[in-house]
Structure formats: C-alpha cells, structure tokens
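Peer 1: This is the structure I want to talk about, given as structure tokens.
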Amino acid sequence: MSQHHPVSLLILKGKNTDNDVLRSAVQEYIKAGFTLHVRVTWEHGDAKRYVEEAVQLTVDNVIAAGGDGTINEVASALVQCVPAQRPTLGIIPLGTANDFATSCQIPLDVEHALALAVKGHATPVDVACVNDSHYFINMATGGFATRITTETPSKMKSALGGASYVLHALLRMDMLTAERCEIRGPDFQWSGDTLVIAIGNGRQAGGGQPLCPEALINDGQLQLRVLSAQELLPNMLQALFTGSENPNVIAATLPWLEIVAPDDITFNLDGEPLSANRFRIDIVPAALSCRLPPQCPLLV
Numbered sequence: 001m002s003q004h005h006p007v008s009l010l011i012l013k014g015k016n017t018d019n020d021v022l023r024s025a026v027q028e029y030i031k032a033g034f035t036l037h038v039r040v041t042w043e044h045g046d047a048k049r050y051v052e053e054a055v056q057l058t059v060d061n062v063i064a065a066g067g068d069g070t071i072n073e074v075a076s077a078l079v080q081c082v083p084a085q086r087p088t089l090g091i092i093p094l095g096t097a098n099d100f101a102t103s104c105q106i107p108l109d110v111e112h113a114l115a116l117a118v119k120g121h122a123t124p125v126d127v128a129c130v131n132d133s134h135y136f137i138n139m140a141t142g143g144f145a146t147r148i149t150t151e152t153p154s155k156m157k158s159a160l161g162g163a164s165y166v167l168h169a170l171l172r173m174d175m176l177t178a179e180r181c182e183i184r185g186p187d188f189q190w191s192g193d194t195l196v197i198a199i200g201n202g203r204q205a206g207g208g209q210p211l212c213p214e215a216l217i218n219d220g221q222l223q224l225r226v227l228s229a230q231e232l233l234p235n236m237l238q239a240l241f242t243g244s245e246n247p248n249v250i251a252a253t254l255p256w257l258e259i260v261a262p263d264d265i266t267f268n269l270d271g272e273p274l275s276a277n278r279f280r281i282d283i284v285p286a287a288l289s290c291r292l293p294p295q296c297p298l299l300v
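The numbers in UniProt numbering rise by one with no breaks, and the one at position 38 of the sequence shown is 38.
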C-alpha cells in the first residue's frame, strides 16, 4: 500500500447501492492505488459499527454517502471516537434534500464529491450534543417543522424534492398546534407558545428552507430561531420560508440552551426523532474534522 494516498472507508446507505456513477468513481480510485473500503448500511446502528471498524483500520477518512440522516449518523459516531484516532469526515450527498451538503456547497456531482471527500481540505467543525446522548451536525427542529419533515410522504419527497415539504405543510394545517415551552441560555430567556423551534449548527432543513440563515459550523455557537404562536397562518409561512423579518420570530446565538416544556416535545435531529419534556443542547466546538470546499459559506 503506497503511503502517500489517504485510506478511506465509505459508508453507503443501502438504498443507494445501485448508483453506477459512484461505483465506477470508487473503482477509478482503487485502480489509481487508493485504498477505499465500502460498507453498506441497512438499519440504524450500522454506521456506528462501521465507524468503529474504520478506527480499527486506522483510515484517514470516513465518507458518508447518503442523505442528511446518514451524514448525521456517521458524524455522531465519529464524535464519540477518541480524538487521536478519529478519522476525517467526507460527504457524498445522495439523499432527497441534502440540506447540510447543499448549504456547505459540497458538490452534488458524485465524482466531484468523492474527490473532495478523499483529498479535500480538512476543517474543524462543531457538532451539537443533545441531552448528553444524541448529536446533530446540521439542525434540530421542533414543533410544526418536525411534523412537516417526519410526515412528508416519501413518494411526494422524491417527486418534488424540497418543495414537497412546503406543500405538505399547507395540506396539513389541521396539525398546526402550538406547544408551550420555556427556553433558557446565557443571558437569554423566553417562554411562550411556539409553532416552530429551529436550532441550527447548519442553516437549512426541510428540503432547502433556510431556518437558521446566519448559522456557522465553526463559530462555537448555535443559532436559535423560534416562531411564536401569535401569528396568522399566511404571514407565518411567509416568514418561515422566506426568512423575512417578523416580530414573532425570536432569534438568538448561544453556545448552549435548555428547553423545558409541560408536555413532551419531539425534536427532529437531522432525521432522528427525539421526544422529551426537557432538552439541554450544547455546542461541541471543533468536534470533528470535515473535508469541505474552500468556498463553504458556513465557515467563519
């Protein structure tokens, strides 16, 4: 094995195994003398096991090939590795929405994404930790936004992409219920009825909706945006989906925050639902190293 080539382990989401472009791109790298292990995930927990295997193999890169959920599962497993043995994260966006990859300007072209994932510049990035047990690299959404992203029918998602979330939201207005909660952070306190809570390390979720448009992934901060429930529907959707200024949008930039509610709230952590009546969310600065394009707008 030649020393100058980085060694990579690619974790591919099972439903993308028939991607011929990726298959031939991987074969080209192997022909060129790169070591590139490929593992396929079929169920939750596979990615964590493959990351542990990657550490045993002392690879340079672990490449997540899939959507936001796959990327987050791989990133969450990498965060839990011993820092000295932690491989660098590479990303090949193969999902429906690809919110994190798109906002980082990672190429949607598979060959370009693979080149970046294997040989690109590595940058330290933050990850958010929830209740000391769960992680997200992109965004946690609670309230109405969670129901949009978790309940959008998959057929609609594949046909319409990001637009399906907005359409689905309009079709399901009967589900629009406010949730009461209190949110605390350093020099910050707010309580009231919320329709949407977005906590961003990254900027967009729900298929291209810029819910936290100012977020940066290496500033040691989370961006909080809350849509309070004192708003008429059309204005609310306009504010949420255009990011226009709105007096009922509460925004703050915080290194940690706590959310307490009388009833369970479900947060969607990059595709993974988590229900509780108390959440503590901390940013973990420079938790991972990630190969990103030089023009990535999410970097300080």
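Virtual Cβ for every residue (Gly too), placed ideally from N, Cα, C.
Keep in mind the model is a prediction, meaning the values are calculated, not measured.
1. Taking the beta strand (DSSP E) that E182 belongs to, which residues open and close that run?
2. In whole angstroms, what separates the C-alpha of Q80 from that of G142?
3. Measuring only the C-alpha atoms, how far is M139 from A25?
4. Throw me the rounded Cβ distance for the residue 351 and C181 pair, which I believe falls under 8 Å.
5. For the structure I just gave you, are there three or more beta carbon pairs, one from the region 183 to 191 and one from the region 257 to 276, closer than 8 Å?
6. Starting from H4, follow the beta strand (DSSP E) in both directions and report where the run begins and ends.
7. Below 8 Å, how does it come out for the region 189 to 205 and the region 96 to 105: are there three or more Cβ pairs, yes or no?
8. If you drop the 5 nearest sequence neighbours on each side, which residues of the same chain put their C-beta closer than 8 Å to that of N277?
9. How many angstroms separate the CA atom of A229 from the CA atom of V249?
10. Between T194, I199, V7, A84, which lies nearest to V130 when the distance is taken from Cα to Cα?
11. Throw me the rounded Cβ distance for the Y135 and S76 pair, which I believe falls under 8 Å.
12. Which residue marks the beginning of the beta strand (DSSP E) containing N268, and which one marks its end?
13. If you draw a straight line from the C-alpha of G271 to the C-alpha of A64, how long is it?
Peer 2: Once the coordinates are examined:
1. Position 182 of the sequence shown, counted from the first residue, corresponds to residue 182. Taken as a continuous stretch (DSSP letters only), the beta strand (DSSP E) holding E182 covers 179 to 185.
2. By 1-based counting over the sequence shown, the position of residue 80 is 80. By 1-based counting over the sequence shown, the position of residue 142 is 142. Each residue's Cα considered, the two are about 25 Å apart.
3. Working through the sequence shown from its first residue, we reach residue 139 at position 139. Working through the sequence shown from its first residue, we reach residue 25 at position 25. If you take the alpha carbons of M139 and A25, they lie about 30 Å apart.
4. With the chain running from 1 to 300 in the structure shown, residue 351 is simply not present.
5. Yes: at least three Cβ pairs fall under 8 Å.
6. The sequence position of residue 4 within the sequence shown is 4, counting from 1. Neither: H4 is in no beta strand (DSSP E) and is coded neither H nor E.
7. Two segments are said to touch when three or more pairs of C-beta atoms, one from each, lie closer than 8 Å; by this definition the region 189 to 205 touches the region 96 to 105.
8. Translated into the one-based positions of the sequence shown, residue 277 becomes position 277. Only V260, A261, P262, D263, D264, I265 meet the Cβ criterion.
9. Numbered from 1 along the sequence shown, position 229 holds the residue referred to as residue 229. Numbered from 1 along the sequence shown, position 249 holds the residue referred to as residue 249. In a straight line, the C-alpha of A229 is about 10 Å away from that of V249.
10. By 1-based counting over the sequence shown, the position of residue 130 is 130. Looking at the Cα atoms, I199 is the closest of the given residues.
11. Within the sequence shown, the letter at position 135 stands for residue 135. Within the sequence shown, the letter at position 76 stands for residue 76. Yes, Y135 and S76 are in contact; Cβ-Cβ is about 4 Å, under 8 Å.
12. Here residue 268 refers to the residue found at position 268 when the sequence shown is read from its first residue. For N268, the enclosing beta strand (DSSP E) covers residues 256 to 269.
13. Against the sequence shown, residue 271 aligns to sequence position 271. Against the sequence shown, residue 64 aligns to sequence position 64. The straight-line gap from Cα to Cα measures roughly 15 Å.
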